[in-house]
Amino acid sequence: MNGAGNDFIIINNIEETLSQEIFGELAKLVCERHLSLGADGLMVVDKPQGNADYRMIFYNSDGSLGEMCGNGARCISRYGYENGLAGEIQKIETTAGIVIGERLAKDMYKIRLNDPSTVILDYPVNLDGEIVNCSYVELGMPGIPHAVVPIKDLKTYPADELIKIGRKLRFHSAFPKGANVNFYEIIGHDHVYERTYERGVEDFTYACGTGTGSTVTVLTELGLVSGNHVRVDMKGGTLYIDVIKNGEKFQDLYLTGPTNIVAIGELTDSNLDLLLGGVTNE
Ligand SMILES: N[C@H](CCC[C@H](N)C(=O)O)C(=O)O
Numbered sequence: 389m390n391g392a393g394n395d396f397i398i399i400n401n402i403e404e405t406l407s408q409e410i411f412g413e414l415a416k417l418v419c420e421r422h423l424s425l426g427a428d429g430l431m432v433v434d435k436p437q438g439n440a441d442y443r444m445i446f447y448n449s450d451g452s453l454g455e456m457c458g459n460g461a462r463c464i465s466r467y468g469y470e471n472g473l474a475g476e477i478q479k480i481e482t483t484a485g486i487v488i489g490e491r492l493a494k495d496m497y498k499i500r501l502n503d504p505s506t507v508i509l510d511y512p513v514n515l516d517g518e519i520v521n522c523s524y525v526e527l528g529m530p531g532i533p534h535a536v537v538p539i540k541d542l543k544t545y546p547a548d549e550l551i552k553i554g555r556k557l558r559f560h561s562a563f564p565k566g567a568n569v570n571f572y573e574i575i576g577h578d579h580v581y582e583r584t585y586e587r588g589v590e591d592f593t594y595a596c597g598t599g600t601g602s603t604v605t606v607l608t609e610l611g612l613v614s615g616n617h618v619r620v621d622m623k624g625g626t627l628y629i630d631v632i633k634n635g636e637k638f639q640d641l642y643l644t645g646p647t648n649i650v651a652i653g654e655l656t657d658s659n660l661d662l663l664l665g666g667v668t669n670e
């Protein structure tokens with residue numbers, strides 16, 4: 389499935405009952421774009437540990453565990469609804485905390501992202517002697533880390549330069565957990581263009597939901613957007629963010645956007661046999 393081009397493989401482990409120990413390796417294997425199916429991440433649907441419809445365990449394509457994934461949670465909401473795991477409004481258990489999913493239309497899903505646990509608007513980072521003006525946000529607890537970085541002429545910014553800066557910031561010691569690096573430019577009233585270099589994919593993805601939520605949180609706090617249905621264009625599509633405030637107090641953060649079920653089927657990659665303990669069909 390993909391959500392605005394951020395693509396995922398979903399495995400229903402309530403049915404498969406695979407051991408959680410293999411998921412990291414499984415993600416690495418099946419997310420490889422040339423040797424296997426290919427995706428930005430692997431999501432495992434499992435039984436909830438607490439009071440929720442189901443549990444979502446998210447792995448990046450390099451096999452690392454992600455605390456949360458905004459586009460992934462939108463996609464899994466559709467999966468949950470269409471596979472009878474939950475109703476039109478659902479409660480999803482993620483590593484970063486509970487996420488609420490809501491079906492708006494056949495392919496449109498909205499989620500309430502985890503509340504920001506850290507928002508530092510002024511977070512200058514020294515990159516090879518030059519100061520880069522960043523903000524730093526974590527959503528949820530444990531929080532998914534995001535650097536938010538303004539860039540002028542982002543659409544036409546040379547790709548090789550941008551990836552260099554993205555990669556350096558992603559691994560910079562200023563970010564102890566590493567960071568997803570969200571470059572943005574405001575291109576109109578409540579209209580933002582964004583590109584995200586993702587931790588765990590180690591490249592730009594086509595869209596990033598928690599990145600978009602983090603960016604619009606920062607821009608709303610800075611008074612640069614209203615926080616009301618802010619449009620964020622990314623390479624793979626458009627996402628909308630609502631920052632709900634109760635007076636000055638932050639209340640909720642919502643992410644809305646499209647989902648696409650590209651294929652439903654069986655993974656037949658022969659390398660899976662090794663990983664799954666030599667189980668073959670012979
Ligand atoms: N693409 C995701 C984020 C994936 C998480 C990952 N890149 C990490 O930092 O572990 C999103 O839509 O929010």
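The numbering used here numbers the first residue of the sequence shown as 389 and each following residue consecutively. In this text, a Cβ means the ideal position worked out from N, Cα and C, and glycines have one as well.
Give a yes or no on whether the C-beta atoms belonging to residue i and residue j are separated by under 8 Å.
i, j, result
"K479", "A440", "yes"
"I471", "T593", "The amino acid occupying residue 471 in the given sequence is Asn; Ile does not appear at that position. For N471 and T593, no; Cβs fall outside 8 Å."
"D621", "Y581", "yes"
"G429", "F446", "yes"
"Y628", "T647", "no"
"M444", "I464", "yes"
"E573", "I539", "yes"
"N502", "M456", "yes"
"A392", "A595", "yes"
"L425", "L655", "yes"
"V604", "G615", "yes"
"D630", "Y642", "yes"
"G485", "G438", "no"
"K435", "I402", "yes"
"R587", "K623", "no"
"Y545", "Y524", "no"
Whose C-beta lies closer than 6 Å to the C-beta of residue i among residues of the same chain, with five residues either side of it excluded?
i, result
"V520", "V513"
"I649", "M389"
"T405", "none"
"V613", "D578, L607"
"E476", "R491"
"G575", "Correcting the residue type first, residue 575 is Ile in the shown sequence and not Gly. Result list for I575: Y581, in chain order."
"V537", "C522, F571"
"T483", "E455"
"A427", "D395, F396, I397, C419"
"V487", "A461, I480, I499"
With a threshold of 8 Å between beta-carbons, can residue i be considered close to chain D, or not?
i, result
"D495", "The chain labelled as chain D is not found in the depicted structure, where only one protein chain is given."
On the three-state DSSP scale, how would you describe residue i?
i, result
"V604", "helix"
"A415", "helix"
"D661", "helix"
"L643", "strand"
"R558", "helix"
"E586", "strand"
"N401", "helix"
"G485", "strand"
"Q624", "First, the residue type needs correcting, since residue 624 is Gly and not Gln in the sequence shown. Of the three classes helix, strand and coil, the one that applies to G624 here is coil, per DSSP."
"E409", "helix"
"K552", "helix"
"G391", "strand"
"E609", "helix"
"G576", "strand"
"N616", "coil"
Could you pull out every residue in the same chain whose Cβ sits closer than 8 Å to the Cβ of residue i, ignoring the five residues on either side in sequence?
i, result
"G468", "V433, D441, Y442, A474, Q478, I480, G489"
"I551", "Y585, D591, F592"
"F559", "G566"
"V618", "D578, H579, V580, V604, L607, T608, Y628, I629, D630, V631"
Going by beta carbon distance, what residues of the same chain come within less than 7 Å of residue i, once the five residues before and after it are set aside?
i, result
"I625", "Per the sequence shown, the amino acid found at residue 625 is Gly instead of Ile. Taken in chain order, the residues that qualify are A392, G393, A595, G645, P646."
Worksheet item: Is the number of C-beta pairs between the region 633 to 640 and the region 566 to 573 that are closer than 8 Å three or more?
Response: No, they do not touch.
Worksheet item: Within the chosen definition, does the region 553 to 563 reach the region 493 to 509 through at least 3 CB pairs nearer than 8 Å?
Response: Contact between the region 553 to 563 and the region 493 to 509 is not established, with fewer than three Cβ pairs separated by less than 8 Å.
Discussion item. Closer than 8 Å is the cut-off here; do at least three beta carbon pairs connect the region 531 to 550 with the region 590 to 604?
Written reply: Yes, the region 531 to 550 is in contact with the region 590 to 604.
Item to complete: Return the chain-ordered ranges of every alpha helix (DSSP H) run that is complete within the region 422 to 477 and spans a minimum of 4 residues.
Response: Counting whole runs of 4 or more residues, the region 422 to 477 contains the alpha helix (DSSP H) stretches 458 to 470.
Discussion item. Any contact between the region 438 to 453 and the region 410 to 424? By contact I mean 3 or more CB pairs, one from each, below 8 Å.
Written reply: The region 438 to 453 and the region 410 to 424 touch, with no fewer than 3 CB-CB distances between them shorter than 8 Å.
Fill in: Every unbroken beta strand (DSSP E) within the region 483 to 546, with a cutoff of 3 residues, ordered by chain
List check, beta strand (DSSP E) in window: 485 to 491, 496 to 500, 504 to 508, 513 to 515, 518 to 520, 523 to 528, 531 to 538.
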